[in-house]
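Undergrad:
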Amino acid sequence: MGGEHLRKYVWAVLISAVLTHVAIIYAVPNVLMNVAISRLSDMGLNRWQVAPRVTEQSRTIVRPSPDFAYSACTYDLSRGPLVISAAPWREYWSLSLYADNSDNFFVIDDREAHYGAEITLVQRGRAHPEGAPMVVESPSARGIALIRRLAPTPEEYSAAAQVAREDVCASAASLAATGR
Amino acid sequence: MGRIFAWAAAILIGVVLGAASAWGALEIGRTNFAEQYGAWHFNHAAGSTAAGPYSRAVIARDGLLALSAREALYFTIFTDDQGRPLSESCVYEMTGRDLDARWWSVTLYADDSFLAMNNDHAHSVDASRISYSADGYWRTRISPVKGDAINWVSSRAARRGFSLTLRVYNPQRDFRPSADSLPQLTTLSCAGGA
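Now the structure itself:
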């Protein structure tokens with residue numbers, strides 16, 4: 241094998257190594273978010289799911305806190321905006337939104353929303369619904385909304401899970417059709 | 004034919020090298036792309052829309068759905084005061100004062116980033132439940148059994164290579180993490196010289 245050929249193969253190794261490295265680094269957040277969206281959407285998209293109390297058996301998302309009651313809504317804005325609301329809780333609570341690349345692009349907590357929060361979530365670049373009081377733009381069509389309610393004991397978790405039943409994650413059009 | 008095989012082999016070697024280097028970057032990135040305060044590692048870019056690709060990948064792997072620093076700060080310890088991986092065969096004590104924040108907790112995660120597979124119901128201590136000593140400090144034992152500890156985080160079944168994550172929610176505006184202000188971890192003993 242001549243030296244010139246050898247150099248070509250070395251370049252091929254280097255270029256494919258760099259491309260693979262960069263592709264993996266950029267793909268990891270999206271791939272892991274897609275896995276999370278897939279796991280969390282077993283019960284369907286655009287609806288809240290109250291997670292069971294976090295224990296050693298909780299294996300859906302890495303590093304869960306056993307001190308929180310979590311509710312998750314995997315959203316898909318491709319068919320229009322969603323209305324997302326979080327009922328207030330007596331301890332710390334927050335509503336946070338994650339794009340499909342894992343960015344936490346929005347968060348509101350009980351310091352800012354004493355009586356609960358309600359937002360209209362719209363895909364960036366799409367029209368905002370008329371009259372919607374608080375519109376948040378998602379950088380991606382799919383993502384995850386998460387509510388954390390501080391509830392370190394079983395009793396507090398039960399109470400938080402009860403409160404979580406009042407949360408809303410639903411298509412704005414369907415809510416409008418039902419006159420809500 | 005031989006030339007095609009050589010090209011394919013070169014590309015395959017490159018792909019393997021690229022995958023290995025990406026895995027290595029994520030593995031070392033949990034500490035090397037982070038700020039360090041004493042033993043605690045802190046990645047200010049967690050959850051941030053401004054995070055670089057490496058930070059975003061590391062956080063996605065080790066702390067998917069983390070809140071941005073505006074809402075919560077996450078600090079993690081991976082090694083003891085001698086630089087050794089944290090191990091179930093050792094007994095540790097963590098000491099700290101109340102943090103200048105609304106709420107905080109310390110949680111133990113096994114090397115797979117999930118709670119250790121024990122049923123001790125002692126995966127964490129938090130600001131709402133911890134007992135303080137008369138000197139104003141709280142102390143928690145991190146060990147496989149509670150013994151006479153007042154505050155306890157169970158490391159039973161956490162094996163070797165577990166980590167401790169400090170969550171600081173709604174830090175006050177003047178909250179400044181430092182090696183002195185964050186809790187300190189001390190190794191009390193290790194079975195069999197581990």
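Protein chains in written order, with my numbering: chain A, 241 to 420; chain B, 4 to 197.
Heads up, the beta-carbon is just placed ideally off N, CA and C, and yes, glycines get one too.
This structure is a prediction, so every number in the text was calculated from the model and none was measured.
(1) Going along the region 138-172 of chain B in order, which residues come within less than 7 Å of chain A, judged by CB to CB distance?
(2) So that I know if they touch, is there some Cβ in chain B lying closer than 8 Å to that of S336/A?
(3) Say whether chain A places a C-beta atom closer than 8 Å to the C-beta of I7/B.
(4) Is it right to say L246/A is buried, meaning 16 or more other beta carbons lie within 10 angstroms of its own, or is it exposed?
(5) Taking the Cβ atom as the reference point for each residue, do E370/A and V323/A lie within a distance shorter than 8 Å?
(6) Pair every Cβ in the region 59-67 of chain B with every Cβ in the region 146-162 of chain B, then say whether three or more of these pairs are closer than 8 Å.
(7) V258/A CB to nearest chain B CB: under 8 Å?
(8) Taking Cβ positions, are P306/A and A412/A nearer each other than 8 Å?
(9) With a cut-off of 8 Å on the beta carbons, I'd call S342/A and M273/A a contact; round off their distance for me.
(10) How is the alpha helix (DSSP H) around E406/A delimited, first residue to last?
(11) How would you write the range of the alpha helix (DSSP H) that P269/A sits in, first residue to last?
(12) In chain B, which residues lie with their C-beta within 8 Å of the C-beta of N341/A?
(13) Name the residue from P394/A, S311/A and I348/A whose alpha carbon lies nearest to the alpha carbon of M283/A.
(14) Note down the Cα distance separating Y397/A from S108/B, rounded to an integer number of angstroms.
(15) Taking only beta-carbon positions, decide if A417/A is within less than 8 Å of chain B.
(16) Have a look at V408/A, Y332/A and T393/A and flag the residue whose alpha-carbon is nearest the alpha-carbon of V294/A.
(17) With 16 as the cutoff for other CB atoms within 10 Å, does A257/A come out buried or exposed?
(18) Once DSSP output is grouped into helix, strand and coil, what is the label at T34/B?
(19) Going by alpha carbons, who is nearest to V268/A out of G55/B, F8/B and Y112/B?
(20) Using 8 Å as the Cβ pair cut-off and three pairs as the minimum, do the region 71-84 of chain B and the region 43-55 of chain B touch?
(21) What runs of the beta strand (DSSP E), each 3 residues or longer, lie entirely inside the region 91-164 of chain B?
(22) What do you reckon, are the CB atoms on G139/B and R163/B nearer than 8 Å?
(23) Helix, strand or coil for D65/B, going by three-state DSSP, please let me know.
(24) Taking the C-alpha atoms as reference points, what is the distance between L361/A and L280/A?
(25) Would you say G50/B lies against chain A (beta-carbon separation less than 8 Å)?
(26) Pick from A404/A, L285/A, G356/A and V302/A: whose alpha carbon is nearest that of L118/B?
TA: With the given structure in hand:
(1) T168, R170 and Y172
(2) The Cβ of S336/A sits closer than 8 Å to at least one Cβ of chain B.
(3) no
(4) exposed
(5) no
(6) Because the criterion of three Cβ pairs below 8 Å is not met, the region 59-67 of chain B and the region 146-162 of chain B do not touch.
(7) Closer than 8 Å to some Cβ of chain B, the Cβ of V258/A qualifies, so yes.
(8) no
(9) Contact check for S342/A and M273/A: beta-carbon distance about 5 Å, within the 8 Å limit, so the pair qualifies.
(10) Careful: E406/A lies outside any alpha helix (DSSP H) and carries neither H nor E.
(11) G243 to L280
(12) The contacting residues are R59.
(13) S311/A
(14) 16 Å
(15) no
(16) T393/A
(17) buried
(18) helix
(19) G55/B
(20) yes
(21) 93-99, 104-112, 127-129, 141-146 and 155-157
(22) No, the Cβ-Cβ distance between G139/B and R163/B is not below 8 Å.
(23) helix
(24) Cα to Cα, the separation comes out at about 19 Å.
(25) yes
(26) V302/A
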